[in-house]
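A.B. asks:
Numbering (my numbering), first residue to last: 2 to 177.
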């Protein structure tokens, strides 16, 4: 079996094991009570770690491990207190692991918009080896993409300034 397949198999085998055993290593955050189940949270945590490990290994961070990423992502979740780190908005933890690809194809943009407040993971900074993450909404993460924090803020200010100019012009044009 090629190396990539072995790694993928090992990562997914671990998820199957975790489904059967409750995890005490990653204490279920109190603020998630009545928002999602501990099983759903641990499944989400493992899946996010695996996705980031795969992505970062493709980008050259060969030392990335599922365990290290789970620890770092769990710390980010605790630090978030359930809120988007960039906007302070409440995240919809009850929606984790509910995305349906078939419904997405059918509902397209409107379906995806209904998941804008879904919690996801954003890598902090330029150094992918830092194992540093933030929790934010899917909408925030899509908007931020590969921008640094400073680039994102600058871009948002440009958008706001342009919107204000358009509104002022629209107001001036309507007063004739």
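Quick reminder that beta carbons are idealized off the backbone N, C-alpha and C, glycines included.
Keep in mind it's a predicted model, so treat the numbers as computed, not measured.
#1: Measuring only the C-alpha atoms, how far is residue 148 from residue 125?
#2: May I ask which residues mark the beginning and end of the beta strand (DSSP E) holding residue 133?
#3: Within the same chain, show all residues whose beta-carbon is closer than 8 angstroms to that of residue 66, passing over the 5 residues directly before and after it, in chain order.
#4: Could you check the C-alpha separation between residue 171 and residue 165 for me, to the nearest Å?
#5: Can you give the beta carbon distance from residue 94 to residue 33, rounded, assuming they're within the 8 angstroms contact cut?
#6: At the level of alpha carbons, what is the spacing between residue 118 and residue 144?
#7: When DSSP builds the beta bridges, which residues end up paired with residue 120?
C.D. replies: Straight from the coordinates:
#1: Your numbering for residue 148 matches position 147 in the chain shown. Your numbering for residue 125 matches position 124 in the chain shown. Computed Cα separation, rounded: 10 angstroms.
#2: Stepping through the chain shown from its first residue, residue 133 is reached at position 132. First-last for residue 133: undefined, no H or E at that position.
#3: Counted from its first residue, the chain shown places residue 66 at position 65. The residues are 54.
#4: For the purposes of this step, residue 171 is identified with residue 170 of the chain shown, where counting begins at 1. For the purposes of this step, residue 165 is identified with residue 164 of the chain shown, where counting begins at 1. Taking the straight line joining both Cα atoms gives about 10 angstroms.
#5: Mapped onto the chain shown, residue 94 falls at position 93. Mapped onto the chain shown, residue 33 falls at position 32. Right, the Cβ-Cβ distance comes to about 5 angstroms (below 8 angstroms), so this counts as a contact.
#6: On the chain shown, residue 118 is found 117 positions in, with the first residue counted as 1. On the chain shown, residue 144 is found 143 positions in, with the first residue counted as 1. Each residue's alpha carbon lies about 13 angstroms from the other.
#7: Counted from its first residue, the chain shown places residue 120 at position 119. BP columns for residue 120 point to 138.
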